[in-house]
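This report refers to the structure that appears directly beneath it.
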Amino acid sequence: MPKNSILSQMPMDLGDDLKLRFATPADTDELAEFNTRLHGEESVDPGIRDLMSGDHPTCKASDFTVVEDTKTGKIVSSLCLISQTWTYSGIPFKFGQPEFVATEPEYRRRGLVRKQFEVIHALSEARGELMQGITGIPWYYRLFGYEMALDMEAERVIDGIHIPTLKKGETETCRLRPRTDADNAFIRDLYERTVEQKVFTCSRTPAMWEYEFNGRSAGSEARYEFLLIEDMEGARLGYVQHFQWCYENLIVMQMELKPGVGCLHHIRSLLRALWKKAETTPIVAENDNPKATGVQFMLGREHPVYQALPKDVVRKEPPYAWYIRVPDLIAFLRHIQPALEKHLIGTVAEGYTGVLKLNFYRTGIHLKFERGCITDIADWNPKDVEDGDAAFPDLTFLQLLCGRCRTEELTSNFVDCWTNGSSPAVLLDCLFPTFAGEIWHL
Numbered sequence: 000m001p002k003n004s005i006l007s008q009m010p011m012d013l014g015d016d017l018k019l020r021f022a023t024p025a026d027t028d029e030l031a032e033f034n035t036r037l038h039g040e041e042s043v044d045p046g047i048r049d050l051m052s053g054d055h056p057t058c059k060a061s062d063f064t065v066v067e068d069t070k071t072g073k074i075v076s077s078l079c080l081i082s083q084t085w086t087y088s089g090i091p092f093k094f095g096q097p098e099f100v101a102t103e104p105e106y107r108r109r110g111l112v113r114k115q116f117e118v119i120h121a122l123s124e125a126r127g128e129l130m131q132g133i134t135g136i137p138w139y140y141r142l143f144g145y146e147m148a149l150d151m152e153a154e155r156v157i158d159g160i161h162i163p164t165l166k167k168g169e170t171e172t173c174r175l176r177p178r179t180d181a182d183n184a185f186i187r188d189l190y191e192r193t194v195e196q197k198v199f200t201c202s203r204t205p206a207m208w209e210y211e212f213n214g215r216s217a218g219s220e221a222r223y224e225f226l227l228i229e230d231m232e233g234a235r236l237g238y239v240q241h242f243q244w245c246y247e248n249l250i251v252m253q254m255e256l257k258p259g260v261g262c263l264h265h266i267r268s269l270l271r272a273l274w275k276k277a278e279t280t281p282i283v284a285e286n287d288n289p290k291a292t293g294v295q296f297m298l299g300r301e302h303p304v305y306q307a308l309p310k311d312v313v314r315k316e317p318p319y320a321w322y323i324r325v326p327d328l329i330a331f332l333r334h335i336q337p338a339l340e341k342h343l344i345g346t347v348a349e350g351y352t353g354v355l356k357l358n359f360y361r362t363g364i365h366l367k368f369e370r371g372c373i374t375d376i377a378d379w380n381p382k383d384v385e386d387g388d389a390a391f392p393d394l395t396f397l398q399l400l401c402g403r404c405r406t407e408e409l410t411s412n413f414v415d416c417w418t419n420g421s422s423p424a425v426l427l428d429c430l431f432p433t434f435a436g437e438i439w440h441l
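Numbering that gives the first Met the number 0 puts the first residue of the sequence shown at 0, with every later residue one more than the last.
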């Protein structure tokens, strides 16, 4: 660890009788109560305990930072880092997810969260994590170098009153049943087959899969239930992953069918089976509705299931976004270089030779291509605001990198985002394809 690293300064005196330190297992009860109270959801308690127990595959108590009031001994602010491995078009990279950010109201606006983010970012860097991402309230995490750049929670919703009834003479084509451990390999293999072509995924080791199936505590928001889709003779066709309770609807996070099985043939039976499950799934205590009102598919902006849903009765909800931080953009681009070159194959930019200069106004990046291969990715200093082949203000480039927006969308939405002619825009869109899925993170 470098001597000047903020990590070497821990624990840290912040003044005003406040001390910043890493948590220990002895803090578990207090942190569970603290986060449950401030986040306002009972599911937070078992989630915190899981992360601090030592049983989680990548997170432990010391991955939490806490600010302690030394006069009272009470924890007044905290957050944590959940390390994981994501992939970009098949290339693994280390990813850090800050979570459970909370501060007692009377201690806010003192820079406590900012100081903890400095520590967490240093910890993430020390682990070789090339990207950080957090889900949270609008705008706030921009203060710490994040951009809302990666899709999450794009939805399709069908109300219970619109679930198709079984017609006279019609028979069901499939049914749902609870997962057993004998199904684990089937689910894992189908998931990995499904996501292997996606731009972003979160990968799991066998130990992580076992933790997802059997390790998370009942009541934790991070614990999902799996159902097997099978035909009427009992042959497995696919699986469904859903929240273990309903908010307003039964929330389906994954629904995948094995190769050779089409959703269109089974969609009516699947909707009926899911609605039956919704009617028997408990409602969270924070919700005023006595029972579920529909089925909510949170599968990303695009998914084969959406094509089979009855369009006239389905509501479409636009995606929210992950906050994304890439502290060293050149290092990340160099790491995913093979994927960028692969993206050009089969496009109009295949075999491209030339230079692409990206102007970020204060800094820039120079990419050199030779017959479709990237031969150099380096720092570049633009001479002025009009220098280069394309310009991206602030952190807007991350929206292109993460596949949330196309170049034309960015140039339309930000007048100081531009390309010098159409060719750079075409090349950029070929390099950085759209991501329209949903990431199942740790």
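Positions of the beta carbon are idealized from the N, C-alpha and C atoms, including for glycine. The structure presented is a predicted model; accordingly, all values stated were derived computationally and were not measured.
Drop a sphere of 10 angstroms on the beta-carbon of residue i, count the other beta-carbons inside from all chains shown, and report buried for 16 or more, exposed for fewer.
| i | result |
| --- | --- |
| His264 | exposed |
| Lys197 | buried |
| Gln115 | buried |
| Gln398 | buried |
| Asp388 | buried |
| Asp62 | buried |
| Asp375 | exposed |
| Thr71 | exposed |
| Leu165 | exposed |
| Asp26 | buried |
| Trp379 | buried |
| Lys167 | exposed |
When the distance is taken between beta carbons, is residue j closer than 8 Å to residue i?
| i | j | result |
| --- | --- | --- |
| Leu80 | Ile136 | no |
| Leu78 | Pro97 | yes |
| Thr64 | Phe21 | yes |
| Phe505 | Glu154 | Residue 505 lies beyond the stretch modelled for the chain, which goes from 0 to 441, so this question has no answer here. |
| Gly293 | Ile157 | yes |
| Asp16 | Ser219 | no |
| Ile329 | Leu149 | no |
| Leu400 | Phe431 | yes |
| Glu437 | Ala424 | no |
| Leu227 | Tyr210 | no |
| Ile90 | Ala338 | yes |
| Val304 | Met231 | no |
| Asn412 | Asp386 | no |
| Gly214 | Asp54 | yes |
| Pro392 | Tyr360 | yes |
| Ala320 | Arg187 | no |
| Glu32 | Ser76 | no |
As a quick exercise: from the options, pick the residue whose alpha carbon is nearest that of residue i.
| i | options | result |
| --- | --- | --- |
| Leu236 | Asp386, Cys173, Asp180 | Cys173 |
| Gly132 | Glu209, Ile162, Gln83 | Gln83 |
| Gly420 | Asp393, Trp379, Lys356 | Lys356 |
| Lys367 | Val347, Val384, Leu332, Thr346 | Leu332 |
| Arg271 | Ile162, Glu195, Ser422 | Ile162 |
| His342 | Asp383, Phe434, Lys276, Tyr238 | Phe434 |
| Met207 | Thr193, Arg222, Val194 | Arg222 |
| Asp12 | Asn248, Val66, Gly345 | Val66 |
| Cys429 | Lys70, Glu340, Arg126 | Glu340 |
| Val325 | Glu41, Met9, Glu124, Met130 | Met130 |
| Lys93 | Tyr106, Arg109, Gly127, Asp62 | Gly127 |
| Ala390 | Cys416, Gln336, Arg314, Ala217 | Cys416 |
| Ile364 | Arg370, Cys372, Val354 | Val354 |
| Glu316 | Asp383, Arg300, Asp327 | Arg300 |
| Ile335 | Thr23, Ser88, Pro10 | Ser88 |
| Tyr140 | Asn183, Cys404, Arg113, Leu165 | Arg113 |
| Glu40 | Ile282, Arg361, Glu124 | Ile282 |
| Thr193 | Lys257, Pro24, Ser4, Arg405 | Lys257 |
| Pro309 | Leu427, Arg267, Phe396, Gly168 | Arg267 |
| Pro318 | Leu19, Gly95, Met51, Thr134 | Thr134 |
| Thr395 | Leu269, Met147, Ala217, Trp138 | Met147 |
| Gly159 | Arg314, Glu369, Thr362 | Arg314 |
Taking 6 Å as the limit between beta carbons, can you name the residues of its chain near residue i, skipping five residues before and five after?
| i | result |
| --- | --- |
| Glu224 | His241, Gln243 |
| Asn34 | Val43, Ile47, Phe99, Ala101 |
| Gly95 | Leu80, Ser82, Ser123, Glu128, Gln131 |
Apart from the five residues on each side of it in sequence, which residues of its chain come closer than 7 Å, Cβ to Cβ, to residue i?
| i | result |
| --- | --- |
| Glu29 | Ile74 |
| Lys290 | Glu278, Ile282 |
Grab the span of the beta strand (DSSP E) containing residue i for me, first residue to last.
| i | result |
| --- | --- |
| Pro97 | 90 to 102 |
| His241 | 235 to 242 |
| Gly293 | 293 to 296 |
| Trp208 | Counting along the chain, Trp208 falls outside any beta strand (DSSP E), though it belongs to the alpha helix (DSSP H) covering 205 to 209. |
By the DSSP assignment, the alpha helix (DSSP H) with residue i in it spans what residues?
| i | result |
| --- | --- |
| His265 | 262 to 278 |
| Pro24 | Per DSSP, Pro24 belongs to no alpha helix (DSSP H) and is neither H nor E. |
| Tyr305 | 303 to 307 |
| Asp188 | 183 to 194 |
| Cys58 | Element bounds for Cys58: n/a, residue is neither H nor E. |
Quick one: residues in its chain with C-beta nearer than 8 Å to the C-beta of residue i, no 5 flanking neighbours on either side, listed in chain order?
| i | result |
| --- | --- |
| Thr204 | Pro56 |
| Val347 | Val425, Cys429 |
| Val251 | Val239, Gln240, His241, Leu273, Val294, Gln295, Phe296, Met297, Leu298 |
| Thr23 | Ala60, Ser61 |
Would you verify that the beta carbon of residue i is, or is not, closer than 8 Å to some beta carbon of chain C?
| i | result |
| --- | --- |
| Gly135 | The structure shown has no chain C; it contains just one protein chain. |
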